[in-house]
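Heads up: the protein sequence lines correspond to chains A and B, in order. If you read the first sequence in the numbering used here, its first letter stands for residue 1, the second for the next number, and so on. If you read the second sequence in the numbering used here, its first letter stands for residue 1, the second for the next number, and so on. Working notes, beginning with the structure itself.
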Amino acid sequence: MEDPPRAPAHNPFFRFVHAVQNTIDRPVTWFRESVVTPNRPDHVYYHQKFRRVPTIDQCYTDDPVCRFEAQQQFNRDKLVDGEIVQLVRQRLKECIAYEIPDQDRKCAKLKEEFDKVSESFCMKYADLGPYNNVKDAYMKQKHRMLWERRHGKVGTGMKIEE
Amino acid sequence: MAAFSTLLKSFVRNANLVKNGAAVSNNLLRPNTSNALEAVRKMSGHEMMHIKPSRWSWNRFKDLLNFYVMLGVIPATVVITYINLFIGPAKLAEIPEGYVPEVHEYYAHPITRWMTKHIKKSYQQEYEVMCQHIYETDYARKLRIAEKRVHQKMQEKQDSQAYYYEPVTGRNERHIKSMLEKSVDYVGTR
Chain A
1 MEDPPRAPAH
11 NPFFRFVHAV
21 QNTIDRPVTW
31 FRESVVTPNR
41 PDHVYYHQKF
51 RRVPTIDQCY
61 TDDPVCRFEA
71 QQQFNRDKLV
81 DGEIVQLVRQ
91 RLKECIAYEI
101 PDQDRKCAKL
111 KEEFDKVSES
121 FCMKYADLGP
131 YNNVKDAYMK
141 QKHRMLWERR
151 HGKVGTGMKI
161 EE
Chain B
1 MAAFSTLLKS
11 FVRNANLVKN
21 GAAVSNNLLR
31 PNTSNALEAV
41 RKMSGHEMMH
51 IKPSRWSWNR
61 FKDLLNFYVM
71 LGVIPATVVI
81 TYINLFIGPA
91 KLAEIPEGYV
101 PEVHEYYAHP
111 ITRWMTKHIK
121 KSYQQEYEVM
131 CQHIYETDYA
141 RKLRIAEKRV
151 HQKMQEKQDS
161 QAYYYEPVTG
171 RNERHIKSML
181 EKSVDYVGTR
C-alpha cells in the first residue's frame with residue numbers, strides 16, 4: 001500500500017529529478033496527511049469464511065438441497081483453486097522475466113511446483129465442458145479411478161487386451 | 001485579441017456554411033439573394049439581420065442537455081469526492097475470535113458497504129431462499145409421483161371406491177321406463 005522510502009540522492013542529477021517529483025508529491029502528501037487521514041473513521045473489512053458442507057459423494061441421490069449446497073461449494077472451491085494456480089503461475093512468470101536467459105536452470109523448482117499445481121487443478125476441474133456440474137466432476141473422478149485400475153497410472157499408456 | 005474573434009465571426013457570418021442558410025454542396029440550391037425580398041430595410045448600414053434557418057431548437061437542445069447532465073454530474077461528483085476523501089475505503093483485518101461479522105463488513109468501499117446494507121440481498125439470504133425453494137418443489141414433485149402410482153394401482157385393481165369407480169343407479173332407467181309408458185298415451189306408439 002505505502003511506497004517504500006526513497007534512498008537519499010547524492011548525485012546532483014538524481015537530486016534534480018527528486019526535486020521535480022517533489023513539486024507534485026509534497027503538496028499532495030501534505031494534503032492527504034493533514035486534512036484527509038485524521039478525519040477518516042477507522043473501519044475494517046474481513047474476508048468471508050464459509051463453513052464446509054457435505055460434498056457430492058456424501059449426498060443421497062434424492063436429496064436436491066444437499067446437491068445444491070455441494071454445487072455451490074464446488075463453485076467456491078473452483079474459484080479459490082483457480083486463484084492458487086494464478087499465484088503460482090505469477091511467481092513462475094516473474095522468475096522467468098527476471099532470470100532470462102538462465103530461466104531453465106534458476107526457475108526449475110518453481111516450474112516443477114507450477115506443473116504439479118496445474119496438474120492437480122486440471123485433474124479435478126478441467127475437460128468438463130462449458131456448464132460445470134459437481135456430479136460430472138465426481139463421475140470424472142470415478143472414471144479415472146476405473147481407468148487406473150485397469151491400465152495403471154494415467155500417463156503410462158493403455159493396456160490392450162488380447 | 002478581441003479583434004480576431006470579431007474577424008472570425010464576420011468570416012463565419014458571410015461564408016457559405018450550412019448554418020448560414022447555404023445548402024451543402026449544390027450550386028442550384030444556393031439562396032437567390034439578388035431577387036429575394038428581404039424583410040428588413042438596410043437603413044443603418046452596420047447591424048443587418050441575416051436570413052438563415054432557425055437555430056432555436058438546436059440551442060434549446062444544447063441547453064436542456066447541459067442542464068440535465070449537470071443536474072446529475074455535479075451532485076454525484078461532490079458526494080463521491082467527499083466519500084472518497086473523508087470516509088475512505090476500509091482496511092483488511094483478521095476476523096476476531098467468536099465474532100460473526102455483518103454482511104456489509106465484508107466489503108471495502110463505503111458506497112459498496114452502504115448498498116449491501118440497505119439495497120442488496122446478501123449471499124446467505126439468497127442461498128437459503130434457494131435451498132427452501134428447491135426443498136418445496138422437490139417435495140411437491142415427490143407427492144405427484146406418489147399420487148400417480150396410487151392412481152395406477154387403483155386403475156389396475158379397481159377395488160377402491162375412488163377415481164376409477166362409477167356408482168350405478170337405477171333412477172334414470174326407471175324414469176325412462178315411465179316416460180315410455182306415458183308416451184303410448186301421447187303419441188300412440190312407443
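Quick reminder that beta carbons are idealized off the backbone N, C-alpha and C, glycines included.
Check, Outcome
"Reducing DSSP to helix, strand and coil, say where L79/A ends up.", "helix"
"Keeping to the same chain, check which residues put their C-beta closer than 7 Å to that of C107/A; ignore five residues upstream and five downstream.", "L92, C95, I96 and E99"
"In chain order, what residues of the same chain lie with their CB nearer than 7 Å to the CB of A90/B, ignoring the 5 residues before and after it?", "A108"
"Please report the distance separating the alpha-carbon of I87/B from that of I80/B.", "10 Å"
"What are the residues that DSSP puts in a beta bridge with Y45/A?", "L92/B"
"Check each residue of the region 58-86 of chain B: if its Cβ is closer than 7 Å to any Cβ of chain A, include it; give the result in chain order.", "L85 and F86"
"Output, in sequence order along the chain, the residues in the region 123-139 of chain B whose CB is closer than 9 Å to any CB in chain A.", "Y123, Y127, M130, C131, Q132, I134, Y135, T137 and D138"
"Any residues in the region 46-66 of chain A with a beta carbon nearer than 9 Å to a beta carbon of chain B? Which ones, in chain order?", "Y46, H47, Q48, K49, D62, D63, P64 and V65"
"Cβ of L92/B less than 8 Å from any chain A Cβ?", "yes"
"If you draw a straight line from the alpha carbon of D104/A to that of Q21/A, how long is it in whole angstroms?", "40 Å"
"Just to confirm before moving on: does the CB-CB distance between Y71/A and V28/A stay below 8 Å?", "Just to set this straight, residue 71/A is Gln in the shown sequence, not Tyr. Not a contact, by the Cβ cut-off of 8 Å."
"Cutting at 7 Å between CB atoms, please list the residues of its own chain near E102/B, excluding the five before and the five after it.", "none"
"How would you label R67/A, buried or exposed, when you count the other beta carbons within 10 angstroms and need 16 or more for buried?", "buried"
"Going along the chain, which residues of its own chain have a beta-carbon closer than 7 Å to the beta-carbon of K234/A, five neighbours each way excluded?", "The requested residue 234/A does not occur in the structure, where chain A is confined to residues 1 to 162."
"Secondary structure at L128/A, three-state DSSP: helix, strand or coil?", "coil"
"What is the rounded straight-line gap between the Cα of Y125/A and the Cα of C59/A?", "20 Å"
"Is I133/B helix, strand or coil when you go by DSSP?", "Correcting the residue identity first, residue 133/B is His in this sequence and not Ile. Looking at H133/B - three-state DSSP - the assignment turns out to be helix."
"Beta carbons nearer than 7 Å to chain A: which residues of the region 103-125 of chain B have them?", "E105, Y106, Y107 and A108"
"Would you please verify whether the beta carbon of G88/B is less than 8 Å from any beta carbon of chain A?", "yes"
"Cα separation between F61/B and P75/B?", "22 Å"
"Could you tell me whether the Cβ atoms of E69/A and V44/A are closer together than 8 Å?", "no"
"To the nearest angstrom, how far is the alpha carbon of N75/A from that of R51/A?", "14 Å"
"By Cβ distance below 8 Å, which residues in the same chain neighbour P64/A in space, the five residues on each side in sequence not counted?", "none"
"For Q72/A, would you say it is in contact with chain B, using Cβ-to-Cβ distances shorter than 8 Å as the test?", "yes"
"Can you name the residues of chain B whose CB is closer than 8 Å to the CB of V36/A?", "L85, F86 and G88"
"What three-state label does DSSP hand T77/B in the structure shown?", "helix"
"Hey, quick one: how far does the alpha helix (DSSP H) through T169/B stretch, first residue to last?", "Premise fails: T169/B is in no alpha helix (DSSP H) and is neither H nor E."
"Quick check on the burial criterion: 16 or more other C-beta atoms within 10 angstroms. Buried or exposed for P56/A?", "Sequence inspection shows Ile at residue 56/A; the Pro mentioned does not correspond to that position. Buried is the call here."
"Just the chain B side, please: which residues come within less than 8 Å of R40/A by C-beta, in chain order?", "F86, I87 and G88"
"Using the beta-carbon of each residue, which ones in chain B are nearer than 7 Å to V28/A?", "Ordered by position in chain B, no residue passes the 7 Å Cβ test against V28/A, which lies about 12 Å from the chain."
"State buried or exposed for T147/B, treating a residue as buried only when at least 16 other CB atoms are found within 10 Å of its CB.", "Before going further, note that residue 147/B is Glu rather than Thr in the sequence given. Exposed."
"Kindly indicate which three-state DSSP category M145/A falls into: helix, strand or coil?", "helix"
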